[in-house]
Amino acid sequence: MRLFLIGGAIALAAPAFAQSNDFSDQDAAEAESEPLLPAASSSQMIAVFRDLCFAPFPSREDFIRGMEDNVSGFRRDRTRRGPWRWDNGRFQLDYISDRMAPAGVPAPQCSVSATIAADPDHLSLARSLDSKLLIGKGKSSGRRGRNSTIWTLDSGEDSRFRIFLKSEPHGPERLKARMIIMKLPEYVIEGE
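Written as structure tokens, this is what we have:
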């Protein structure tokens, strides 16, 4: 059994993952009252995540070069403090480098968020992500529409990465989805 000392850090870095899988009627009402962006396809979301987060990871320089070269219409939000954020009207991309991460927060990390059509469902989306990134089968959990899948990958360079996929209902026939990749801290303790 492996023990990781990053549970609290993940909750700080990615609040969406810290939420329970309980989905209340109030959550449903809030999701339906939020303005809906045009739904992206799941294949578009996976391609954005693959090209802008997964492929350059964990190199900050490769990430910056990829964002400078991207043709997806992303614009950086320079009014925010903290993680860098880009948006193109369909996708939101956040990046935290190891230089800007608060103490205890795994970094670097990169995430893509979007509203997508609810078909495919979460497990189909996880299988599609696996087939496009060749990352193997993840561990899935969920309840009442809120689902998550986690993959832990060895980079072969004494580093480990974790990929999260999170989805929940968002209005009629749509899912709010988020994909994130992060480098696990070096203080991961192997134990029984």
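FYI, in the numbering used here the residues of the sequence shown are 8 to 199. Where is the CB? At the ideal position from N, CA and C, for every residue including glycine. Keep in mind that this is a model prediction, so the values were computed, not measured.
Less than 7 Å between C-beta atoms, sequence neighbours within five positions excluded: which residues of the same chain meet that for residue i?
i, result
"SER48", "ILE123 and ALA124"
"THR156", "ALA133, GLY145, LYS146, SER147 and LEU172"
"ILE142", "TRP158, LEU160 and ILE170"
"ARG67", "SER104 and PRO115"
Who are the Cβ neighbours of residue i in its own chain at under 6 Å, not counting the five residues just before and after it?
i, result
"ASN154", "HIS129 and SER174"
"GLN99", "SER120"
"PRO65", "PRO115 and LYS190"
"ARG106", "none"
With a threshold of 8 Å (Cβ to nearest heavy atom), would residue i be considered close to the ligand GTP?
i, result
"PHE168", "For the structure depicted, the ligand GTP is absent and the ligand set is empty, with no information on it obtainable."
Can you grab the Cα-Cα spacing for the pair residue i / residue j, in whole Å?
i, j, result
"LYS139", "ARG57", "8 Å"
"ASP94", "PRO179", "23 Å"
"ARG185", "VAL55", "12 Å"
"SER162", "LEU182", "30 Å"
"ASP96", "PRO45", "It should be pointed out that residue 96 corresponds to Gly in this sequence rather than to Asp. Approximately 8 Å, taken between the alpha carbons."
"PHE168", "TYR102", "15 Å"
"THR86", "GLU164", "36 Å"
"ASP126", "ILE187", "21 Å"
"SER166", "GLY80", "32 Å"
Is residue i close to chain C? Criterion is C-beta to C-beta, closer than 9 Å.
i, result
"LEU191", "The structure shown has no chain C; it contains just one protein chain."
With DSSP as the reference, please indicate the residues paired to residue i in a beta bridge.
i, result
"GLU175", "LYS183"
"GLN99", "ASP94 and SER120"
"LYS139", "DSSP output for LYS139 lists no bridge partner at all."
"ILE188", "CYS117 and ILE170"
"THR86", "The partner list for THR86 (beta bridge, DSSP) is empty, contrary to what the question assumes."
"LYS144", "According to DSSP, which records beta bridges pairwise, LYS144 is partnered with nothing at all."
"LEU130", "None, per the DSSP bridge assignment."
"ILE157", "LYS146 and PHE171"
"ALA46", "Paired residue(s): none; ALA46 is not in a bridge."
My guess is that residue i and residue j are in contact by the Cβ rule of under 8 Å, so how many angstroms apart are they, rounded?
i, j, result
"ARG92", "ASP84", "4 Å"
Can you tell me whether residue i is buried or exposed? The criterion is at least 16 other CB atoms within 10 Å of its CB, across all chains shown.
i, result
"ALA108", "buried"
"SER118", "buried"
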